[in-house]
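Residue numbers for the sequence shown follow our numbering, so the first one is 7 and each next one is one higher. This report refers to the structure that appears directly beneath it.
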Amino acid sequence: MSLIAIVPARGGSKRIPRKNLVPFMGVPMIERVVRMLVESVLVDRVVVSTDDPEIAVVARSSGAVVPKLRAKDLSDDFTMTAPVVLDALDWPDTSFGPADEVLVAYPTSIFLDDSLISKLLSRFRVNDVEHVFVAVGLGCPVGRSWSRKDEVWTVYNPSTFFERSQDLPEAFCDSGQGYLSRRSAWEKMASGVVPTSAAVVVDRWAAVDIDTESDFKLAEAVYRASRNSRGK
C-alpha cells in the first residue's frame with residue numbers, strides 16, 4: 007500500500023495573515039511540516055495544494071510536489087478541506103499509482119511526527135472505519151458547557167447541566183494535527199456526510215490547533231516545553 011500526504015495550504019488566511027508562511031520556532035510552518043513528511047519513513051509522497059505562488063516555492067524547496075496552483079473557486083474563505091483533498095487526488099501530475107491511504111496534514115500540524123503517523127496508521131488498519139483523526143479532550147463534558155452569542159451566555163444542555171461532571175461522558179475535539187482516511191471518506195465529507203470514524207487521543211498539552219495569535223503563542227510554548235523535556 008502507498009501512503010500519500012496532502013497538505014492544503016491556502017494563502018489567504020485572515021485571523022493570522024499569511025499564517026502558513028509565519029515562522030514557527032524560526033522556520034515557516036509550511037516548510038516545517040512538509041520537511042517532516044518528506045523525511046518520514048512512512049510517507050511515500052507529499053503533495054501540497056495551494057493557490058499561493060510563494061507557498062508553492064517554499065513547499066517545492068522543502069521537497070513536496072506542487073504541480074500547479076489550486077483553482078480560485080477552491081481557495082476562498084468558505085472552501086472546506088474535503089473538496090481540496092479530492093481535487094489534489096485527481097491531479098494527473100501527482101499520480102504515482104493509486105493512493106490506498108491518504109494522510110492529510112495542515113501547515114499548522116506542527117505536532118505531527120512519525121510516532122503519531124504510526125498510531126494513525128495502526129488504528130486505521132484495523133479496517134473498521136474510513137477515517138481516523140487526532141483528538142484531544144475538551145477538558146469538560148459538553149453537558150456542562152456554555153455557548154455565547156455577543157454577551158448573552160446560554161447553557162448548552164439544560165438537561166445535563168446540574169449533573170456532576172464525572173457522571174457525564176468525556177468530550178473530544180479534532181486537534182487539527184492529522185487525518186488518515188480512504189478517498190471514500192473525503193467524498194462523503196464533501197457531500198456533508200460524516201464517515202465512520204475513530205481517533206487517536208493525545209494529551210491536551212500534546213497538540214494545539216493554531217487558528218489565532220494566542221493559539222500560535224501557546225503552540226510555540228508547548229512545543230518548546232515538550233522538546234526541552236525530551237532533551238532536544
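For glycine and all other residues, C-beta sits at the position ideal for the given N, C-alpha and C.
Do you know offhand how far valine 132's Cα is from alanine 11's? If I take the Cα positions, the gap works out to 20 Å.
Could you tell me if glutamate 219 is buried or exposed, where buried requires 16 or more neighbouring beta carbons within 10 angstroms of its beta carbon? Exposed is the call here.
Could you say if the stretch 28-38 and the stretch 202-213 meet the contact criterion of at least three C-beta pairs nearer than 8 Å? Touching, no, given that fewer than three Cβ pairs across the two stretches are closer than 8 Å.
Express the C-alpha separation of glycine 182 and phenylalanine 139 in angstroms, rounding to a whole number. About 8 Å.
Indicate whether at least one CB of chain D lies closer than 8 Å to the CB of aspartate 96. You won't find chain D in this structure, because it holds only one protein chain.
In the DSSP assignment, what residue or residues form a beta bridge with aspartate 82? Within the DSSP bridge table, the entry for aspartate 82 names no partner.
Can you round the beta-carbon distance between tyrosine 112 and proline 23 to whole angstroms, since I take them to be within the 8 Å contact cut? Contact between tyrosine 112 and proline 23 fails: their C-beta atoms lie close to 17 Å from each other, not under 8 Å.
Relative to the C-alpha of phenylalanine 222, which candidate in Val40, Val47, Gly17 and Leu27 has its C-alpha closest? With distances taken between CA atoms, phenylalanine 222 lies nearest to Leu27 out of Val40, Val47, Gly17 and Leu27.
Alpha helix (DSSP H) segments (min. 4 residues) lying fully within the stretch 9-81: Runs of the alpha helix (DSSP H) lying entirely within the stretch 9-81 and spanning at least 4 residues, in chain order: 35-45 and 59-67.
Between arginine 41 and the rest of its own chain, which residues show a CB-CB distance below 7 Å, the 5 nearest in sequence each way excluded? Its chain contains Ser68 and Gly69 as the residues whose beta carbon lies nearer than 7 Å to that of arginine 41, once the 5 sequence neighbours on both sides are disregarded; these appear in chain order.
Rounded to whole angstroms, what is the Cα-Cα separation between alanine 129 and methionine 195? Rather than alanine, the amino acid found at residue 129 in this sequence is arginine. Using only the alpha carbons, I get a separation of about 20 Å.
Is the beta carbon of alanine 204 closer than 8 Å to that of valine 135? A contact, by the Cβ cut-off of 8 Å.
Is any heavy atom of the ligand ZN found at a distance shorter than 7 Å from the C-beta of valine 33? Of the ligands one can find in the structure shown there are none, so the ligand ZN has no counterpart to examine.
Relative to the C-alpha of leucine 118, which candidate in Ser46, Trp97 and Arg189 has its C-alpha closest? That would be Ser46, whose Cα lies nearest to the Cα of leucine 118.
Identity of the residue in Phe168, Glu193, Ile116 and Ser165 nearest valine 228 by Cα: Looking at the Cα atoms, Ile116 is the closest of the given residues.
Which same chain residues, not among the five before or five after isoleucine 61, have their C-beta less than 7 Å away from its C-beta? Ala15, Gly17, Asn26, Leu27 and Ile36.
Looking at tyrosine 185 and valine 110, is the spacing between their C-beta atoms short of 8 Å? Yes; because the gap between Cβ atoms is below 8 Å, this pair is in contact.
Taking only the alpha-carbon atoms, compute the straight-line gap between arginine 154 and valine 148 and give it to the nearest angstrom. For arginine 154 and valine 148, the distance between alpha carbons rounds to 14 Å.
Under 8 Å Cβ to Cβ from methionine 86, same chain only, skipping five residues before and after it: list those, please. Around methionine 86: Met195 and Ala196.
List the endpoints of the continuous beta strand (DSSP E) containing arginine 150. Neither: arginine 150 is in no beta strand (DSSP E) and is coded neither H nor E.
Environment of leucine 43 [buried if 16+ CB atoms lie within 10 Å]: Under this definition leucine 43 is a buried residue.
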